[in-house]
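Structure first, then comments.
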RNA sequence: GCCUGAGUGGCGGAAUUGGUAGACGCACAGGACUUAAAAUCCUGCGAGAAUCAACCCUCGUGCCGGUUCAAGUCCGGCCUUAGGCACCA
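The structure is reproduced here in structure tokens:
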């Protein structure tokens, strides 16, 4: 098509000025909420990867609107975060100005691709009107005892004087300056997310997330069931351990406690080798910021001399060790060690010359431990376990746990890997945490009516000398009055993490202009929830978990209608460079969507990205393949020359037309976008074989292609003299016409295809059998052999088994 | 180490509940049209044996084994690869 860019612009303007895709809350139509993850508007512009998922969701949105749904397909900006802050520090401009510019670019690119977003609902997480409510929700967390301050170690670069994220501190060195990263204790806001472990797990049953997404969530929550056992210390005192293998408790030959835990601090007075122990504690704290895989070739640790623990089930006195493989913040910070049945304990025992007692008669353990997955479920018997000797492992497991509970030595408990959410960032470019520290009253929440607490306009964004947020330097802003007693007080200068704004944005889209609540209950009840949420695989664990936690909390305090506000969640594959590598500037394999739109048109790019492969998997870029999609659109355009004056549909085409409608509907809703295109190509090829087609034939093809290639189809449809496709209806198929009356099926002899026969759908089994037997090549293969049986699967296949 | 995907022509990929493997597209080759090129159209295109030719035959979905009349698809055991988690008791 000539002037493709002008034609695309024409239709983009049409949609804009007619507000074609604006949707209202309410009405007779059934609501349907389609969501794509809103992007971080980076300086490098829209990525072809964005185009893939936005086009896919756009196609569904466009189809469903034509099908009569009230579709909400919104877009916004997740614009807080470190890159904008770094950029601002470097160039001495306010990050909000950089963000504004980037948003302008992104929005222009999105418009040039013809996405049918309802732009009237657009917002950025950095808008005070939006983050006012993020802050308000934080106050609700605080008021319900869900937010608290705790001192935890952070990664600290002594050269940059800056707190680093785990990513920036990878390998134990600062990513920017290469200095050795240290650990520094800092008081941080935390959200009690671990309280929601079980609810977040159970809630998955009320969602329709893809299995791999659910699994990601389940793994992240990391539930394990076991027994917590009290252990007495010789000469007084006790601690507890958590184990998932109570059946091995008689095999304990030592205990290991965390060097960063509280227990060792309590015991320190009685430790005989204090110097050694303290040195090890120090060593561990340095190590914790490092990439542990590198360092952890051996099992390090020291014995805590002078203190012995008592195995609660048999009274044996065993040594206690300090080992850095035990984590202070998981379980109880102490473990029982059974080297015979745990490989890690085994290695540790070998390293430190400790005793090994086998308690399950499952084979030779002189070379390595025999672990749970190998001893459970095989009927192995217990040994060296007093009254449990001779029982099967599976039986003893329950009986030992029962005994521990009866004797009040322990109890069955669940443990979760998921920790509380560290909610403080020592950054400028984030939502300020609306808390005030008063010398008399302590931490006091801001009054809700004083929100938003707006970020100040200043010129410098460098962090302070001691790693506080840059906000700490802005005394005008920091100094304030205590809302409770009115005395001088100081604001919290930490800001919220990037995850905060994205934890509830999908609720705001339901009611984006509400200025007295974050979204009205009516609006949320109308949309009910996000019906279909698409995003990257990298966000299926954390972002989704944070968002679900946030929603569940809001539900529990009565502010949202459902405990789960997201129904279906799917994730798309990446668009890789043509070298099959992730696109990156350094590799020089980046494709800029603007260039493609300019040269080939937005529709070609959209069609290609839908056609390039399985939507849920990574796919490499191919400009040759893109050209093929351009050729397809050219062919569709040429077909207009075949349009005749006849009314209605061409009779010979009815079967394929109905089948194509059916297939496209199915494939679109099952993410089979590539086969949608292929079905359309087949339909176009079929049209092309005919001398002429009717207007309706052509209009049908344009309508079916419209969700993926909206510009060119509208243009051609207009030339046909029809009203715009986006204002029309999606075609309905006639199920009867999709059923073929005659079919070609294969005839096999001993499972090998030897012929094909034409059958009619109402042919009886005997008729089909007869037809099969008449085939020349079939006769050749069954001649002189005994027919054992003939399998006839109606409408599918005939298989003749001979001997 | 653990978890999760993936492995099908020269390439991207189809095959919806086990039922004609390779749809659709790309690349390539030959031909038509053209003064020529582009565009377009036609033909071929998994490997192999054989043949004037067509039919036809053998093998073939990472590897080994199994279930079945029938396996890319189901089961058991491996290998390779991508991503996630990583001393989680």
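In this note's numbering, the protein residues as written are 3 to 805.
Cβ atoms here follow ideal geometry from the backbone N, Cα and C, with glycine treated the same way.
Annotation: the continuous beta strand (DSSP E) that includes residue 493 extends over 490-493.
For the 8 Å CB-CB criterion, residue 359 and residue 386 form a contact. Residue pairing by DSSP places residue 663 in no beta bridge whatsoever. If you draw a straight line from the Cα of residue 55 to the Cα of residue 41, it is about 11 Å long. Below 8 Å, enough C-beta pairs join the region 29-37 and the region 59-77 to call them touching: three or more. Here DSSP, grouped into helix, strand and coil, assigns residue 740 to helix. A buried status is given to residue 749, since no fewer than 16 other beta-carbon atoms sit within 10 Å of its beta-carbon. By the CB criterion at 8 Å, residue 140 and residue 420 fall outside the cutoff. Residue 373 has its alpha-carbon roughly 23 Å from the corresponding atom of residue 232. For residue 538, the uninterrupted beta strand (DSSP E) segment begins and ends at 532-538. Nearest neighbour of residue 683 by Cα position, chosen from 697, 703 and 512, turns out to be 703. Rounded to whole angstroms, residue 230 and residue 313 show a C-alpha spacing of 13 Å.
For residue 60, the CB contacts under 6 Å within the same chain, skipping 5 residues up- and downstream, are 117 and 118 in chain order.
By the criterion of a C-beta distance shorter than 8 Å, residue 721 is surrounded in its chain by 642, once the five residues flanking it on both sides are discounted.
Secondary structure within the region 92-143: the alpha helix (DSSP H) runs of 4 or more consecutive residues, fully enclosed, are 97-114 (chain order). Per the coordinates, the alpha-carbon of residue 187 lies some 22 Å from the alpha-carbon of residue 148. If you draw a straight line from the Cα of residue 105 to the Cα of residue 595, it is about 16 Å long. When only Cα atoms are considered, residue 503 and residue 126 end up about 9 Å apart. Below 8 Å, enough C-beta pairs join the region 595-613 and the region 626-636 to call them touching: three or more. Around the beta carbon of residue 270, fewer than 16 other beta carbons sit within 10 angstroms, so the residue counts as exposed. Residues of the same chain with a CB within less than 8 Å of the CB of residue 639, apart from the 5 flanking positions on each side, are 3, 714 and 718 in chain order.
Collapsing the DSSP output to three states places residue 771 in a helix. Taking a 10 Å sphere around the C-beta of residue 288, we find fewer than 16 other C-beta atoms and assign the residue as exposed.
Assigned with DSSP and collapsed to three states, residue 431 falls in coil, not helix or strand. As DSSP reads the structure, residue 622 sits in a beta bridge with 578.
Check the Cα spacing between residue 383 and each of 361, 401, 611 and 368: the tightest is with 361.
Relative to the Cα of residue 24, the nearest Cα in the group 92, 72 and 523 belongs to 72. Rounded to whole angstroms, residue 318 and residue 370 show a C-alpha spacing of 24 Å. In the structure shown, residue 323 adopts extended strand secondary structure according to DSSP, grouped into three states.
Here residue 677 has 665 and 669 as same chain residues with Cβ atoms under 8 Å from its own Cβ, once five neighbours each way along the sequence are excluded. Annotated as distal: residue 548 and residue 588, with beta-carbon spacing of 8 Å or more.
Note that the C-beta distance between residue 205 and residue 542 is not below 8 Å.
With fewer than 16 other beta carbons inside 10 angstroms of its own, residue 267 counts as exposed. Taken in chain order, the complete beta strand (DSSP E) segments of 3 residues or longer contained in the region 388-444 are 412-418 and 437-440. 8 Å or more divides the Cβ of residue 455 from the Cβ of residue 472. For residue 279, the enclosing alpha helix (DSSP H) stretches over residues 276-289.
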